[in-house]
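Visitor: Handing you a structure now.
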Amino acid sequence: MKHLYLFYFLLTFSVGTVSLGIAATLYVKTRTAFLRHYLYFYAPFSFLVMLNVVLFYIRFNIPSISHALFDVLDYLESAVAKYLVMFTTPVFIHYVFHVPRATLKNRIIGGLAIALFIGRHVFDIAVHDEFIGSIGKAISDTSMVGVMIYSFATGWRYRTNFQEAASPKQIRLFLIIFGCYLPLLFNDMFLSGFSYIRFYPILYCLLSVLFSYDFLHKPQPPAIETAPQPQMSSTLPDDAFFARYNISAREKEIVALLAQGYSNQQIGDTLFISRNTVKTHIRNIYQKLEVNSREELKTRLNNSGECRQSSAQP
Numbered sequence: 024m025k026h027l028y029l030f031y032f033l034l035t036f037s038v039g040t041v042s043l044g045i046a047a048t049l050y051v052k053t054r055t056a057f058l059r060h061y062l063y064f065y066a067p068f069s070f071l072v073m074l075n076v077v078l079f080y081i082r083f084n085i086p087s088i089s090h091a092l093f094d095v096l097d098y099l100e101s102a103v104a105k106y107l108v109m110f111t112t113p114v115f116i117h118y119v120f121h122v123p124r125a126t127l128k129n130r131i132i133g134g135l136a137i138a139l140f141i142g143r144h145v146f147d148i149a150v151h152d153e154f155i156g157s158i159g160k161a162i163s164d165t166s167m168v169g170v171m172i173y174s175f176a177t178g179w180r181y182r183t184n185f186q187e188a189a190s191p192k193q194i195r196l197f198l199i200i201f202g203c204y205l206p207l208l209f210n211d212m213f214l215s216g217f218s219y220i221r222f223y224p225i226l227y228c229l230l231s232v233l234f235s236y237d238f239l240h241k242p243q244p245p246a247i248e249t250a251p252q253p254q255m256s257s258t259l260p261d262d263a264f265f266a267r268y269n270i271s272a273r274e275k276e277i278v279a280l281l282a283q284g285y286s287n288q289q290i291g292d293t294l295f296i297s298r299n300t301v302k303t304h305i306r307n308i309y310q311k312l313e314v315n316s317r318e319e320l321k322t323r324l325n326n327s328g329e330c331r332q333s334s335a336q337p
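The numbering of the sequence shown is our numbering, which starts it at 24 and goes up by one.
Laid out in structure tokens, this is it:
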């Protein structure tokens, strides 16, 4: 039975690794935001499953291995990888489904994961009572379950508001697979001490097949750096103009992209910042230049009397 479990872990991990490789290869070619967020979500998940495979193999095939090495791997699996997955899963959901106030919610989830991570170490170092330690573990596991339920509920609530890069069928299957796993999550969190079997590798494997199939069968857009963009204005004032209005270097980059017709999403993808950050910068630019729209901004740039050809590229 132990060898069957090991085969199960290795099989699911192998399938997931192939999916991760496919996504990474496509991302290098396309640099799309969807693939980038998928990798943010799937890399920690792969790390968690890999550690589970290694620990299971060591536990039953190399019992004489150094306890220190085993403890390090166990720490990485039960603390580091676990809390990374706790954070990246809802972040991925927030992105895929265009969840309102995603940045704030990401910070709250990140704060929770960090607090639990620190609390774990406080319990390990300062508290030596076994009963209190079990309470700390129960709080951590319950929080993990709560975050996963929240992630599914959020995805379900905003299921019609998904990214254009995803297909309706893909989103529907994603939610079905995720929802079916939730009852099994209780086993992984609360009953793992009574059984070697874990069910999250099944979720890992099924999602990898789902996304990989879609990545390979759906034409991927070219990288933003080479994608054709709407044309508006290719002129920008000189540095003296920006200095006079106290326009920062980052805001100048955004003005250059606005002048070429980039959308907020395209600006965020190009500069690797969130859409909310882009909106904040644009609002500040409008206030400094005393304009209220992109058309007014274009007119202001063209009429500045200090225009030069912009060298900014997509």
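Ideal placement from N, C-alpha and C gives every residue a C-beta, glycine not left out.
Check whether the Cβ atoms of lysine 311 and tyrosine 268 lie closer than 7 Å to each other.
Guide: Sequence index remark: in the sequence shown, residue 311 carries index 288 (1-based). Sequence index remark: in the sequence shown, residue 268 carries index 245 (1-based). Against a cut-off of 7 Å, the Cβ pair of tyrosine 268 and lysine 311 comes out as a contact.
Visitor: Taking the C-alpha atoms as reference points, what is the distance between leucine 208 and valine 170?
Guide: Your numbering for residue 208 matches position 185 in the sequence shown. Your numbering for residue 170 matches position 147 in the sequence shown. Using only the alpha carbons, I get a separation of about 11 Å.
Visitor: Please state the DSSP three-state secondary structure of arginine 306.
Guide: As a first step, residue 306 is located in the sequence shown; it is residue number 283 there, counting from the start. Reduced to three states, the DSSP call for arginine 306 is helix.
Visitor: State the DSSP-derived secondary structure class of isoleucine 296, mapped to helix, strand or coil.
Guide: Counting from 1 along the sequence shown, the entry for residue 296 is found at position 273. Note: isoleucine 296 maps to coil in three-state DSSP.
Visitor: Report the three-state DSSP secondary structure of leucine 229 (helix, strand or coil).
Guide: Indexing the sequence shown from 1 puts residue 229 at position 206. The answer is helix: DSSP assigns leucine 229 an H, G or I state.
Visitor: Could you give the residue range of the alpha helix (DSSP H) that holds phenylalanine 222?
Guide: Here residue 222 refers to the residue found at position 199 when the sequence shown is read from its first residue. Counting along the chain, phenylalanine 222 falls outside any alpha helix (DSSP H), and DSSP gives it neither H nor E.
Visitor: On the three-pair Cβ rule with 8 Å, is the stretch 193-211 touching the stretch 122-142?
Guide: At 8 Å Cβ cutoff, the stretches do not touch.
Visitor: Can you give me the C-alpha to C-alpha distance between serine 101 and leucine 229, rounded to a whole angstrom?
Guide: Looking up residue 101 in the sequence shown gives position 78. Looking up residue 229 in the sequence shown gives position 206. About 22 Å.
Visitor: Going by beta-carbon coordinates alone, are glycine 39 and serine 69 separated by less than 7 Å?
Guide: As a working note, residue 39 is residue 16 in the sequence shown. As a working note, residue 69 is residue 46 in the sequence shown. The answer is yes: Cβ separation under 7 Å.
Visitor: Are phenylalanine 140 and tyrosine 106 closer than 7 Å when you measure CB to CB?
Guide: Sequence index remark: in the sequence shown, residue 140 carries index 117 (1-based). Sequence index remark: in the sequence shown, residue 106 carries index 83 (1-based). In contact: phenylalanine 140 and tyrosine 106 (Cβ atoms closer than 7 Å).
Visitor: Per DSSP, what kind of secondary structure is histidine 121 in: helix, strand or coil?
Guide: Stepping through the sequence shown from its first residue, residue 121 is reached at position 98. If DSSP states are grouped into helix, strand and coil, histidine 121 belongs with coil.
Visitor: Roughly how many angstroms lie between the CA atoms of phenylalanine 238 and glutamate 319, to the nearest whole one?
Guide: Position 215 of the sequence shown, counting from 1, holds the residue named residue 238. Position 296 of the sequence shown, counting from 1, holds the residue named residue 319. About 40 Å.
Visitor: Any idea if proline 253 is buried or exposed, counting beta-carbon neighbours within 10 angstroms, 16 or more meaning buried?
Guide: Within the sequence shown, the letter at position 230 stands for residue 253. Caution applies to proline 253, whose pLDDT of 43 falls short of 50 and renders its modelled position unreliable; the value that the coordinates give is listed next. By the 10 Å Cβ count, proline 253 comes out exposed.
Visitor: May I have the straight-line CA-CA distance separating valine 41 from aspartate 261, to the nearest angstrom?
Guide: Within the sequence shown, residue 41 is the residue found at index 18, counting from 1. Within the sequence shown, residue 261 is the residue found at index 238, counting from 1. So the alpha carbons of these two residues sit roughly 49 Å apart.
Visitor: Could you check whether proline 206 and threonine 35 sit closer than 7 Å to each other, using their CB atoms as the reference points?
Guide: Here the question's residue 35 lines up with position 12 in the sequence shown. Here the question's residue 206 lines up with position 183 in the sequence shown. Cβ distance not < 7 Å, so threonine 35 and proline 206 don't count as in contact.
Visitor: Roughly how many angstroms separate the alpha carbons of isoleucine 194 and arginine 180, rounded to a whole number?
Guide: Within the sequence shown, residue 194 is the residue found at index 171, counting from 1. Within the sequence shown, residue 180 is the residue found at index 157, counting from 1. About 12 Å.
Visitor: Would you tell me roughly how many angstroms separate the C-alpha atoms of lysine 160 and isoleucine 148, rounded to the nearest one?
Guide: As a working note, residue 160 is residue 137 in the sequence shown. As a working note, residue 148 is residue 125 in the sequence shown. For lysine 160 and isoleucine 148, the distance between alpha carbons rounds to 14 Å.
Visitor: Which residue from Phe295, Arg317 and Leu294 puts its Cα closest to that of isoleucine 305?
Guide: For the purposes of this step, residue 305 is identified with residue 282 of the sequence shown, where counting begins at 1. Measuring from the Cα of isoleucine 305, the nearest candidate turns out to be Arg317.
Visitor: With a CB to CB cut of under 6 Å and the five nearest residues on each side skipped, what residues in its chain are close to tyrosine 204?
Guide: Within the sequence shown, numbered from 1, the residue matching residue 204 stands at position 181. Excluding positions up to five away in sequence, the list reads Leu226.
Visitor: Helix or strand or just coil, what does DSSP make of glutamine 191?
Guide: Position 168 of the sequence shown, counted from the first residue, corresponds to residue 191. At residue 191 the sequence reads proline, which differs from the glutamine that was named. In the structure shown, proline 191 sits in a helix (DSSP, three-state: H, G or I).
Visitor: My understanding is that tyrosine 280 touches threonine 293, with C-beta atoms under 8 Å, so please give their C-beta distance in whole angstroms.
Guide: One-based indexing of the sequence shown puts residue 280 at position 257. One-based indexing of the sequence shown puts residue 293 at position 270. Note that residue 280 is leucine in the sequence shown, not tyrosine. Their Cβ separation, rounded to whole angstroms, is 6 Å, which keeps leucine 280 and threonine 293 in contact under 8 Å.
Visitor: Just mark leucine 27 as buried or exposed, buried being the case when its beta carbon has 16 or more other beta carbons within 10 Å.
Guide: One-based indexing of the sequence shown puts residue 27 at position 4. It is exposed - the Cβ of leucine 27 has fewer than 16 other Cβ atoms within 10 Å.
Visitor: When the distance is taken between beta carbons, is phenylalanine 79 closer than 7 Å to phenylalanine 30?
Guide: The sequence position of residue 30 within the sequence shown is 7, counting from 1. The sequence position of residue 79 within the sequence shown is 56, counting from 1. Contact flag unset, no.
Visitor: Would you say phenylalanine 120 and asparagine 184 are within 7 Å of each other, going by their C-beta atoms?
Guide: Here residue 120 refers to the residue found at position 97 of the sequence shown. Here residue 184 refers to the residue found at position 161 of the sequence shown. Yes. Within cutoff.
Visitor: Rounded to whole angstroms, what's the CA-CA distance from valine 145 to alanine 189? Just pull it up for me.
Guide: For the purposes of this step, residue 145 is identified with residue 122 of the sequence shown, where counting begins at 1. For the purposes of this step, residue 189 is identified with residue 166 of the sequence shown, where counting begins at 1. Valine 145 and alanine 189: Cα-Cα distance of roughly 42 Å.
Visitor: If you count every other CB in all the chains shown that lies within 10 Å of the CB of phenylalanine 83, and 16 or more means buried, which is it?
Guide: Residue 83 sits at position 60 when you count from the first residue of the sequence shown. Phenylalanine 83 is exposed by the Cβ-count criterion.
Visitor: For glycine 284, which three-state DSSP category applies?
Guide: Counting from 1 along the sequence shown, the entry for residue 284 is found at position 261. In the structure shown, glycine 284 sits in coil (DSSP, three-state: anything other than H, G, I, E or B).
Visitor: Under the three-state reduction of DSSP, which class applies to serine 69: helix, strand or coil?
Guide: Within the sequence shown, the letter at position 46 stands for residue 69. Of the three classes helix, strand and coil, the one that applies to serine 69 here is helix, per DSSP.
Visitor: Please report the Cβ distance between phenylalanine 64 and threonine 111, rounded to the nearest whole angstrom; I am assuming they are in contact, meaning their Cβ atoms lie under 8 Å.
Guide: The residue given as residue 64 occupies position 41 in the sequence shown. The residue given as residue 111 occupies position 88 in the sequence shown. Confirmed, Cβ separation roughly 5 Å.
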